[in-house]
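Engineer:
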Amino acid sequence: MNDNPLHFLWNHDSFNDAVSFFVCVLLLALYHLWMHYKVRKNPTYTVQAINRIARTAWVETMMASGKPDVISVQTLRNSTMAATFLASTAVLLILGVMTLSGQGDKLGSTWHALNAFGAKDAELFIVKVILLLLDLFTVFFSFTLAVRVYNHVGYLINVPLSLNHKAISSQHVAVHLNRAGKYYSIGMRAFYFIVPLVFWLFGPHFMLLSTVMLIVVLYWIDRAPKVLEQDYR
Numbered sequence: 027m028n029d030n031p032l033h034f035l036w037n038h039d040s041f042n043d044a045v046s047f048f049v050c051v052l053l054l055a056l057y058h059l060w061m062h063y064k065v066r067k068n069p070t071y072t073v074q075a076i077n078r079i080a081r082t083a084w085v086e087t088m089m090a091s092g093k094p095d096v097i098s099v100q101t102l103r104n105s106t107m108a109a110t111f112l113a114s115t116a117v118l119l120i121l122g123v124m125t126l127s128g129q130g131d132k133l134g135s136t137w138h139a140l141n142a143f144g145a146k147d148a149e150l151f152i153v154k155v156i157l158l159l160l161d162l163f164t165v166f167f168s169f170t171l172a173v174r175v176y177n178h179v180g181y182l183i184n185v186p187l188s189l190n191h192k193a194i195s196s197q198h199v200a201v202h203l204n205r206a207g208k209y210y211s212i213g214m215r216a217f218y219f220i221v222p223l224v225f226w227l228f229g230p231h232f233m234l235l236s237t238v239m240l241i242v243v244l245y246w247i248d249r250a251p252k253v254l255e256q257d258y259r
């Protein structure tokens, strides 16, 4: 019996799992770097980039009225509720995954029924569960940070510009709102990455296939309508 708790990392099947994981991470990283490059060339290439422009314009419009507006409060309330719901969903998933981790030995035969290329060690299964938990905690903290900043913006956006406060200009408030949007976007990305992590439980080849499909779906939902790109040019 091997006393080394990491002995499962050195067999051939575990190597397949490790390579699949790093290839999937690399593919997702390259996809996001490529999208970042495209946005730098064309600020309206992605939906997220257009949303940043729209949020900035919206803040300037709301603050230009010079008086509190229920529209801004209601809009921020909707964003806060959405982020709160997704953070709560992440907590439920965390509890579910923790419950699942205690039943790994009972479900091993079911999980690995189609695992033709990966390792079936209980230790590696725990590593997969831990990575899944880390991803879910990223989801939770991203959405809670979004809620926090949305609440701040709710106060800032109704400060009259006539006060001429240097720290509460429309540009300053737009930066805060876009920061909340960035946290929200990170939370959604982490949610999407749950898909290949879950399929990894069934085998490394499923993880690779699901990652490729995820990138295809991400491109479809990230790409802004081409009519907007034409208007920008």
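Residue numbers (the working numbering): 27 to 259.
Using N, Cα and C, we set each Cβ at its ideal position, and we do this for glycine too.
1) In whole angstroms, what separates the C-alpha of alanine 90 from that of glycine 122?
2) At what residue ranges does the segment 84 to 122 contain a whole run of the alpha helix (DSSP H), taking only runs of 4 or more?
3) For the segment 201 to 259, which segments carrying the alpha helix (DSSP H) assignment without a break, of at least 4 residues, lie completely within its bounds, in sequence order?
4) Is threonine 72 helix, strand or coil when you go by DSSP?
5) Report, in whole angstroms, the separation of the C-beta atoms of methionine 61 and threonine 70, which I expect to be a contact under 8 Å.
6) Apply the 10 Å Cβ neighbour rule to serine 105 and answer buried if 16 or more other Cβ atoms are within range, or exposed otherwise.
7) Tell me which residues share the same chain as valine 175 and place their Cβ nearer than 7 Å to its Cβ, disregarding the 5 neighbours each side in the sequence.
8) Whose C-beta lies closer than 8 Å to the C-beta of isoleucine 247 among residues of the same chain, with five residues either side of it excluded?
9) Are leucine 53 and threonine 170 closer than 8 Å when you measure CB to CB?
10) Who are the Cβ neighbours of alanine 200 in its own chain at under 6 Å, not counting the five residues just before and after it?
11) Could you have a look at alanine 193 and say whether DSSP puts it in helix, strand or coil?
12) I need the DSSP call for valine 261, collapsed to helix, strand or coil.
13) Suppose you measure from the CA of histidine 198 to the CA of isoleucine 212; what does that come to, to the nearest Å?
14) At the level of alpha carbons, what is the spacing between leucine 113 and methionine 214?
15) Valine 243: which of His231, Phe219, Val117, Leu223 sits nearest, CA to CA?
16) Just to confirm, is the Cβ distance from proline 222 to aspartate 43 under 8 Å?
17) Quick check on asparagine 42: does DSSP put it in helix, strand or coil?
18) State the Cα-Cα distance for the pair leucine 160 and valine 96, rounded to the nearest angstrom.
19) Assuming valine 51 and leucine 234 are in contact, meaning their beta carbons sit under 8 Å apart, how far apart are those beta carbons, in whole angstroms?
20) If we ignore side chains and look at the alpha-carbon of each, how far apart do arginine 249 and serine 127 end up?
Structural biologist: A quick look at the data gives this:
1) Taking the straight line from one Cα to the other gives about 47 Å.
2) Here no run is fully enclosed.
3) 230 to 248, 252 to 258
4) strand
5) The Cβ separation is near 13 Å, so there is no contact.
6) Flag for serine 105 reads buried.
7) His202, Arg205, Ala206, Tyr209
8) Val73
9) no
10) Thr82, Val85
11) coil
12) In the structure as shown, the chain starts at 27 and stops at 259, and residue 261 therefore has no counterpart that could be examined.
13) 21 Å
14) Residue 113 is actually alanine in this sequence, not leucine. Going by the C-alpha atoms only, they are around 10 Å apart.
15) Residue nearest to valine 243 within the set His231, Phe219, Val117, Leu223 is Phe219 (criterion: CA-CA distance).
16) Cβ distance not < 8 Å, so proline 222 and aspartate 43 don't count as in contact.
17) helix
18) 38 Å
19) Rounded, the Cβ-Cβ distance is 11 Å, inconsistent with contact.
20) 37 Å
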